[in-house]
Each structure stands twice: as C-alpha cells, then as structure tokens.
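A quick write-up on the structure given underneath.
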Amino acid sequence: RPDEYSILATMNLNGDYLSDAAAAIVGGLGMGPGANIGDTCAIFEATHGTAPKHAGLDRINPGSVILSGVMMLEYLGWQEAADLIKTGIGRAIANREVTYDLARLMEPPVKPPLKCSEFAEAIIKHFND
C-alpha cells in the first residue's frame with residue numbers, strides 16, 4: 050500500500066531495501082526518489098545510485114533524480130516549483146512520453162521510447178498543461 054505513505058523513516062541499510070522494493074511497485078528504480086534528512090541538513094539523491102556504463106548515452110530514465118529534486122524543493126518550501134515538475138512528470142507519463150524502462154511496462158509497449166533528454170523535455174513541455 051505505497052500510496053498510504055510519502056515518507057518512510059528507517060536506518061540506512063533498511064532504507065535501501067525498502068526504497069528498492071517501493072520503486073519496483075511504481076515502475077522501477079528509475080522513478081524512485083530518495084532523501085537523507087538529518088537534524089541540520091538534508092541530501093537528496095536518486096535511489097538507484099550511479100550507472101557508469103550508461104554515462105553519456107542519453108538513454109537512462111532521469112525520473113528518480115528529478116523526483117529527488119522535487120523532494121528537495123518541497124523540503125525548502127518551494128511548493129510551486131515542485132508542483133510544476135510533478136505535473137510535468139505525471140502528464141508526460143499519461144501521454145506515454147517515457148523512457149525505455151517505463152515504455153516496456155505499458156500496454157501496448159511504447160514504440161519508440163524517449164531518450165533521457167527527450168523525457169526531460171517532455172516533462173518541461175507539460176509544466177503548465
């Protein structure tokens with residue numbers, strides 16, 4: 050029931066397991082944002098870590114890092130900016146403008162899937178829809 054929670058507070062290693070499992074429910078690691086929030090500072094990051102073998106190839110889903118940025122904006126109190134990005138992501142996905150990892154989960158599969166940069170452009174295009 051992931052829709053019942055917006056935040057899970059746990060120790061780091063348990064958080065790794067939980068974030069991977071939760072990401073699988075919402076479309077994969079490419080859509081799972083992450084945050085480490087302490088008493089005096091916070092760090093926001095994609096849950097999946099790095100993928101050096103894909104560097105510079107323009108094909109990996111940027112959703113996780115973009116949604117981590119949304120969490121950062123909300124943490125800073127910049128809700129209007131966060132809402133624009135969430136709207137853009139939601140509408141891009143609803144319009145089937147997605148990267149390979151999401152495209153293959155849709156029925157029928159999206160052909161052709163977008164590149165990383167094209168998905169980012171689609172998100173921006175839908176900010177004010």
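In my numbering, each number is its position in the sequence shown, counted from 1, plus 49.
Backbone N, C-alpha and C fix where the C-beta goes; we use that ideal spot for every residue, glycine too.
| Query | Result |
| --- | --- |
| Does DSSP put Ala-58 in a helix, a strand or coil? | coil |
| Quick one, which of Glu-167, Gly-64, Val-75 has its alpha-carbon nearest Asp-52's? | Val-75 |
| I need the straight-line Cα distance from Asp-107 to Cys-165, nearest angstrom please. | 5 Å |
| Out of Ile-134, Ile-92, Val-119, Glu-129, point me to the one whose CA is closest to Glu-170's CA. | Ile-134 |
| Using the three-state DSSP reduction, which class does Glu-156 fall into: helix, strand or coil? | coil |
| In chain order, what residues of the same chain lie with their CB nearer than 7 Å to the CB of Ala-152, ignoring the 5 residues before and after it? | Pro-158, Val-159, Pro-162 |
| What ranges does the beta strand (DSSP E) occupy inside the region 68 to 113, keeping only unbroken runs of at least 3 residues that lie completely in it? | 82 to 86, 91 to 95 |
| Give the single residue among Ala-141, Tyr-149, Gly-81 whose Cα lies nearest to the Cα of Gly-118. | Gly-81 |
| Go to Lys-135, then tell me how far its alpha helix (DSSP H) extends in each direction, as first and last residue. | 128 to 143 |
| Under 8 Å Cβ to Cβ from Ala-100, same chain only, skipping five residues before and after it: list those, please. | Ile-109 |
| Whose C-alpha, out of Asp-178, Gly-112, Gly-139, is nearest the C-alpha of Thr-148? | Gly-112 |
| Using 8 Å for Cβ pairs, my map puts Ala-84 next to Met-120. What's the rounded Cβ distance? | 5 Å |
| Compute the Euclidean distance between the alpha carbons of Ile-115 and Glu-94, then round it to the nearest angstrom. | 9 Å |
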